[in-house]
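Undergrad: For the numbering used here, count along the sequence shown from 1 and bump the result up by 595. Think of the CB as a built atom: it goes at the ideal place given N, C-alpha and C, for glycine as much as any other residue. In this text, all values refer to a predicted model and were calculated from it rather than measured experimentally.
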Amino acid sequence: MNMDSDSSHSGNVPVSLKWIGQGDGHLVLLDQTRLPGQVEWLECRTVDSVIRAIQNLSVRGAPLIGIAGAYGLVVAAGEAMVKKLSHDATKTHLSMQAGKLAAARPTAVNLAWAVGRTLAVVESISKNAESRIFGESLLAEALAIHAEDRRLCESIGQHGAALLPEGDILTHCNTGSLATGGDGTALCVITTAWAQGRRFEVYADETRPLFQGARLTAWELVHRGIPVTVLVDSAAASLLKSGRIGSVIVGADRITASGDVANKIGTYGLAILAKAHGVPFFVAAPSSTFDLATREGSEIQIEQRHAEEVTVPMGIRVAPQGAKTFNPAFDVTPADLIHGIITEHGLICPVTRETILRGLESSRRPK
Ligand code: MRU
Numbered sequence: 596m597n598m599d600s601d602s603s604h605s606g607n608v609p610v611s612l613k614w615i616g617q618g619d620g621h622l623v624l625l626d627q628t629r630l631p632g633q634v635e636w637l638e639c640r641t642v643d644s645v646i647r648a649i650q651n652l653s654v655r656g657a658p659l660i661g662i663a664g665a666y667g668l669v670v671a672a673g674e675a676m677v678k679k680l681s682h683d684a685t686k687t688h689l690s691m692q693a694g695k696l697a698a699a700r701p702t703a704v705n706l707a708w709a710v711g712r713t714l715a716v717v718e719s720i721s722k723n724a725e726s727r728i729f730g731e732s733l734l735a736e737a738l739a740i741h742a743e744d745r746r747l748c749e750s751i752g753q754h755g756a757a758l759l760p761e762g763d764i765l766t767h768c769n770t771g772s773l774a775t776g777g778d779g780t781a782l783c784v785i786t787t788a789w790a791q792g793r794r795f796e797v798y799a800d801e802t803r804p805l806f807q808g809a810r811l812t813a814w815e816l817v818h819r820g821i822p823v824t825v826l827v828d829s830a831a832a833s834l835l836k837s838g839r840i841g842s843v844i845v846g847a848d849r850i851t852a853s854g855d856v857a858n859k860i861g862t863y864g865l866a867i868l869a870k871a872h873g874v875p876f877f878v879a880a881p882s883s884t885f886d887l888a889t890r891e892g893s894e895i896q897i898e899q900r901h902a903e904e905v906t907v908p909m910g911i912r913v914a915p916q917g918a919k920t921f922n923p924a925f926d927v928t929p930a931d932l933i934h935g936i937i938t939e940h941g942l943i944c945p946v947t948r949e950t951i952l953r954g955l956e957s958s959r960r961p962k
């Protein structure tokens with residue numbers, strides 16, 4: 596499917612996701628599995644197709660799968676309308692589909708958070724309301740979550756750019772506009788600093804096994820005219836040893852009350868390497884990525900993915916049939932390896948239970 600050329604963020608990076616129409620409309624996703632070779636969009640008109648897109652990583656990145664999940668629930672309201680379900684049956688349908696959407700990927704807390712927040716709107720819909728009201732109300736909430744995320748990205752970018760140390764920057768996975776509803780978290784810190792006139796080289800780990808760094812981060816940076824060097828994940832130690840890296844900055848999928856951070860597999864190793872070489876290690880994430888109900892990193896459910904992602908990456912067999920694999924999608928970096936967490940409110944440093952609570956206080960104050 597083609598989309599208009601105006602559908603882009605700054606730097607001509609195409610939008611990663613868009614709702615088309617009203618409450619009975621549908622979701623359009625940039626199919627990230629096809630990048631960087633092809634720019635193609637997927638139309639999602641059923642909840643199952645949204646779940647498939649989340650699970651096969653056509654849409655990915657913690658904030659963005661949250662937004663996709665919220666729109667997925669609007670799709671569920673459309674399904675209820677087509678089936679002419681009663682008020683109560685619509686509520687049951689929405690709550691079942693919300694459960695399925697929230698469970699599509701277990702590690703990023705943003706997904707369950709955004710789906711839960713969108714579902715909560717149903718409680719305010721009166722029994723006498725026409726069926727279209729479900730779609731309209733859920734769409735208003737999904738659009739609000741999407742717009743908020745855009746603003747959170749901007750604030751994270753501003754706060755982060757102001758404190759980014761001198762030197763080149765090493766990043767992992769993709770945390771840009773392909774992972775969020777705006778211009779990104781960690782990557783937005785980098786692009787904001789660049790837009791403010793800072794000059795540096797960005798080193799992007801290729802991020803095995805699905806190459807989000809090589810395929811997506813490098814693609815975004817090339818589009819924005821920011822110099823990027825892609826390295827294999829195992830070259831990070833030598834790069835840090837070289838002394839040219841001033842900071843390492845990554846995103847997050849879930850941050851516990853104690854500040855342990857689940858993020859793309861390889862992040863933990865990078866944090867250990869950064870510590871060993873005296874390079875500050877930053878995490879950038881919105882408050883929606885904090886899960887204060889989870890105390891420690893060991894309590895986080897880590898998604899395990901298909902063996903073929905390791906044995907047949909990009910369709911090329913690199914390990915023999917019969918070999919077993921270890922393929923966790925994420926790992927957990929303990930708080931004591933993290934110099935600071937950049938949120939939309941500013942920097943949390945050092946990373947402790949107390950500083951996290953204080954740092955998030957303003958997001959919990961009634962607006
Ligand atoms: O499996 P993915 O590609 O969804 O993993 C994404 C990451 O780990 C990102 O670093 C994280 O979601 C933060 S995105 C702003």
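Can you list, in chain order, the residues of its chain whose CB lies under 8 Å from that of residue 944, leaving out five sequence neighbours each side?
TA: Stepping through the sequence shown from its first residue, residue 944 is reached at position 349. Cβ neighbours of residue 944 beyond the five flanking positions: 934, 935, 936, 950.
Undergrad: If you drop the 5 nearest sequence neighbours on each side, which residues of the same chain put their C-beta closer than 6 Å to that of residue 956?
TA: Here residue 956 refers to the residue found at position 361 of the sequence shown. Nothing listed; no residue qualifies.
Undergrad: Specify the secondary structure class of residue 849 as computed by DSSP and reduced to three states.
TA: Walking along the sequence shown from the start, residue 849 turns up at place 254. Strand, per DSSP.
Undergrad: Where does the unbroken alpha helix (DSSP H) through residue 870 begin, and where does it stop?
TA: Here the question's residue 870 lines up with position 275 in the sequence shown. Looking at the DSSP string, the run of the alpha helix (DSSP H) that includes residue 870 is 862-871.
Undergrad: Kindly give me the distance between the Cβ atoms of residue 881 and residue 938, rounded to whole angstroms, as I take these residues to be in contact under 8 Å.
TA: Translated into the one-based positions of the sequence shown, residue 881 becomes position 286. Translated into the one-based positions of the sequence shown, residue 938 becomes position 343. About 6 Å; that satisfies the 8 Å criterion.
Undergrad: Can you check whether the CB of residue 780 is closer than 9 Å to the CB of residue 846?
TA: Here the question's residue 846 lines up with position 251 in the sequence shown. Here the question's residue 780 lines up with position 185 in the sequence shown. Yes, the Cβ-Cβ distance between residue 846 and residue 780 is below 9 Å.
Undergrad: Considering only the beta carbon of each residue, do residue 812 and residue 832 sit closer than 9 Å?
TA: For the purposes of this step, residue 812 is taken as the residue at position 217 of the sequence shown. For the purposes of this step, residue 832 is taken as the residue at position 237 of the sequence shown. Taking 9 Å as the Cβ cut-off, residue 812 and residue 832 do not qualify as a contacting pair.
Undergrad: Thinking C-beta only, is residue 650 closer than 9 Å to residue 699?
TA: Your numbering for residue 699 matches position 104 in the sequence shown. Your numbering for residue 650 matches position 55 in the sequence shown. The answer is yes: Cβ separation under 9 Å.
Undergrad: Look up residue 638 in the DSSP assignment and say whether it is helix, strand or coil.
TA: Locating residue 638 in the sequence shown gives position 43, counting from the first residue. In this structure, residue 638 counts as strand in the three-state DSSP scheme.
Undergrad: According to DSSP, what are the bridge partners of residue 859?
TA: In the sequence shown, the residue the question calls residue 859 occupies position 264. In DSSP, residue 859 forms a bridge with 925.
Undergrad: Are residue 884 and residue 850 closer than 9 Å when you measure CB to CB?
TA: Along the sequence shown, one-based indexing puts residue 884 at 289. Along the sequence shown, one-based indexing puts residue 850 at 255. Result yes, Cβ atoms of residue 884 and residue 850 sit closer than 9 Å.
Undergrad: Quick one: complete alpha helix (DSSP H) runs, 4+ long, within the region 669-721?
TA: Entirely contained in the region 669-721, the alpha helix (DSSP H) runs reaching 4 residues are, in chain order, 682-697, 704-715.
Undergrad: Do residue 660 and the ligand MRU come close, with the Cβ less than 8 Å from some heavy atom?
TA: Residue mapping note: residue 660 aligns to position 65 of the sequence shown, counting from 1. Yes.
Undergrad: Please state the DSSP three-state secondary structure of residue 889.
TA: Within the sequence shown, the letter at position 294 stands for residue 889. In this structure, residue 889 counts as coil in the three-state DSSP scheme.
Undergrad: Going by beta carbon distance, what residues of the same chain come within less than 8 Å of residue 630, once the five residues before and after it are set aside?
TA: By 1-based counting over the sequence shown, the position of residue 630 is 35. Taken in chain order, the residues that qualify are 773, 810, 811, 814.
Undergrad: Alpha helix (DSSP H) containing residue 741: first to last residue?
TA: Looking up residue 741 in the sequence shown gives position 146. Note, residue 741: alpha helix (DSSP H), 727-758.
Undergrad: How far does the alpha helix (DSSP H) with residue 785 in it extend, from its first residue to its last?
TA: Numbered from 1 along the sequence shown, position 190 holds the residue referred to as residue 785. From DSSP, the alpha helix (DSSP H) with residue 785 extends over 781-790.
Undergrad: Taking the straight line between their C-alpha atoms, what separation do you get for residue 695 and residue 899?
TA: The residue you call residue 695 lines up with position 100 of the sequence shown. The residue you call residue 899 lines up with position 304 of the sequence shown. In a straight line, the C-alpha of residue 695 is about 18 Å away from that of residue 899.
Undergrad: Please confirm if the region 835-842 is in contact with the region 732-749, defined as three or more CB-CB distances below 8 Å between the two stretches.
TA: No contact exists between the region 835-842 and the region 732-749.
Undergrad: Could you pull the DSSP bridge partners for residue 836 from this structure?
TA: Start at 1 with the first residue of the sequence shown, and residue 836 comes out as number 241. In the DSSP output, where bridge partners are listed per residue, residue 836 has none listed.
Undergrad: Which of the three DSSP states, helix, strand or coil, is assigned to residue 600?
TA: One-based indexing of the sequence shown puts residue 600 at position 5. Interpretation of residue 600 is limited by its pLDDT of 35, a score under 50 that renders its predicted location unreliable; the figure taken from the coordinates is listed afterwards. It is coil, neither helix nor strand.
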